[in-house]
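The numbering used here applies: residue 645 is where the sequence shown begins, and numbers increase by one.
Note that CB positions come from ideal geometry on N, CA and C, so glycine has one too.
The structure displayed is predicted, hence computed values, not measured ones.
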Amino acid sequence: MSADRSPAREGKSAVRFTRRDALRIGAAAMVAGPFLRTGRSFAAGPEQKARIASIGVGNKGWTDLLAVASAPGAEIVAICDIDSNFLGVAQEKFPPAQAFRDYRVLLDKMGNGIDGVLISTPDHMHGAIALAAMTLGKHVYVQKPLAHNLAELRAMCNAAAEQGVITQMGTQIHGDESYRTAAKMLRDGAIGKVSEVHCWIGRGLPLPAKERPANRVDKVPATVDWDLWQGVAPEEPYVEGFYHPFNWRMWRDYGGGVLGDMASHIFDPIFTGIDLKAPLTLRSGGPAHLRDTYATDTEVLYTFAGTPLTTGEVKFRWTNGTFKPDAEKAQLPDGVNLSASGSFTVGEKGVMVLPHWGMPTFYSNGKPMDLEIKSEGNVDHYHEWVEAIRGEGQTSTPFTFSGPLTEAVIAGTVAGAFPEETLKWDSAALKFDHDGANALVHRKYRDDWRPLGV
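Set out below in structure tokens:
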């Protein structure tokens, strides 16, 4: 089937998805009665497949789509992308699926025919799409980080709870045996109660320029709907190679920088293992973000409230680029070095060192700890979501878990705008004790693009 070619798709986007639309589609499902499944109520069992719409099918979206489609209980019924090149490849692979350029058109036309929505777009569109889908009672799998700003994140978590939908954040490594084993050993007290955590990544991300080029406007490729790509973000001219399809991550309007891109992974086993929630305070070591882009080198010092698995409040340090982890605190034996990215967690009995993609090791005072490391095995993160939609089992990174984790990540990107200032964060009130930081809790939206519930 060819991509949607309604008049709104050929020029400025004229389609607006509102709460009224959501109620209308929901009412249609009720009228249809037992012959029409809706995402909210679907738990049909092994005899029926979960009908999935995939929004964003290029790059990471492509691997996500293939992974979800490989679940025996999944049926790909709709695909959507603003780039017809990506969309065309997906159409060839999944010819029965209906194809769209605009996610709002997809939800309007197929809202009654889908159970779950896979969202693999740039970060700035996660919230708008997920909120529209959940308002219709659709289950969602959202790539990390869940949202671009704290207000959208809170709205997403609230919507998931209100609608009772099945959610999963796209941190696939959560299902890897290395992270599962590390989290289990922390929870079982392998290093005693935890006092301190260090997380890092050595690499950066592509950054075509630190600022947008003045007066440069490139021709938009015929395959790209630039208006739809910008979505909720302020309107800017297209510049070849600066944003789509990959270089958006370091731009403040679209991504979350290195911290926003990778911390969801590296924080994961720590949050899982010792039950951390949102941070209490944050302090950036600088340098400050620029007007348009994130700093390439970052350090954020967090404090988290204590849990039954910690000695008290937890000191938590994130570093990347020229900022490095304090290797001496890892208590490594001579000749053993930290990996290029990962974490180490300091406890009463010793230290757990966890590479990003590698099994944990344990040390105390420069010597390996005498511990049996029993693998927890792998779990397919994508299949887990599909099977949960079908009423079999639960997801392991639902928004009740991944919401607080993402809150810590996004709050860290906010702190990066105010180096050497300690910010206090009141999670319940969704508020910092700093006017400048509070201005970054929300974002400005283009006309007709404000997400539902924000």
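Neighbourhood of residue i by C-beta distance below 6 Å, restricted to the same chain and skipping five residues each side
i: K993; result: I835 and G836
i: G917; result: A827, L830 and R831
i: W870; result: V864 and Y882
Own chain, CB closer than 7 Å to residue i, minus 5 neighbours either side, in chain order
i: A971; result: L982
i: A740; result: The question names Ala, but residue 740 in the sequence shown is Pro. Once the five neighbours on either side are set aside, P740 has no close Cβ partner at all.
i: D1024; result: G819
Status (buried if at least 16 other CB within 10 Å, exposed otherwise) for residue i
i: E1031; result: buried
i: F948; result: buried
i: D1070; result: exposed
i: P969; result: buried
i: H770; result: buried
i: N964; result: buried
i: H768; result: buried
i: V1085; result: buried
Residue i (DSSP reduced to helix, strand or coil)
i: I773; result: helix
i: K1068; result: strand
i: Y887; result: coil
i: H818; result: helix
i: H1025; result: helix
i: P1012; result: strand
i: W1093; result: coil
i: P999; result: strand
i: F738; result: coil
i: T1039; result: coil
i: H792; result: coil
i: A1052; result: helix
Nearest-angstrom beta carbon gap, residue j and residue i [assumed within contact, 8 Å]
i: A718; j: K693; result: 6 Å
i: A697; j: V721; result: 6 Å
i: Y946; j: F960; result: 4 Å
Cutoff 8 Å: residue i Cβ touching any chain B Cβ
i: D727; result: The structure shown contains no chain B; it holds only a single protein chain.
Cβ-based neighbour list, residue i, same chain, cut-off 8 Å, excluding 5 preceding and 5 following
i: A1081; result: V1058, A1059, A1061, F1062 and L1067
i: L775; result: E796, A799, M800, A803, P1095, L1096, G1097 and V1098
Through-space distance from residue j to residue i, alpha-carbon basis
i: L751; j: A777; result: 7 Å
i: S764; j: L1096; result: 19 Å
i: D1014; j: S1008; result: 10 Å
i: T1005; j: M996; result: 6 Å
i: G859; j: E879; result: In the sequence as displayed, the identity of residue 859 is Asn instead of Gly. Rounded to the nearest angstrom, the two C-alpha atoms are 14 Å apart.
i: G986; j: W1001; result: 8 Å
i: Q807; j: V786; result: 16 Å
i: L762; j: S822; result: 25 Å
i: H888; j: I726; result: 10 Å
i: T942; j: T966; result: 8 Å
i: L1074; j: H792; result: 15 Å
i: W1029; j: N1022; result: 15 Å
i: T954; j: T825; result: 19 Å
i: A853; j: E1036; result: 47 Å
i: V809; j: G979; result: 49 Å
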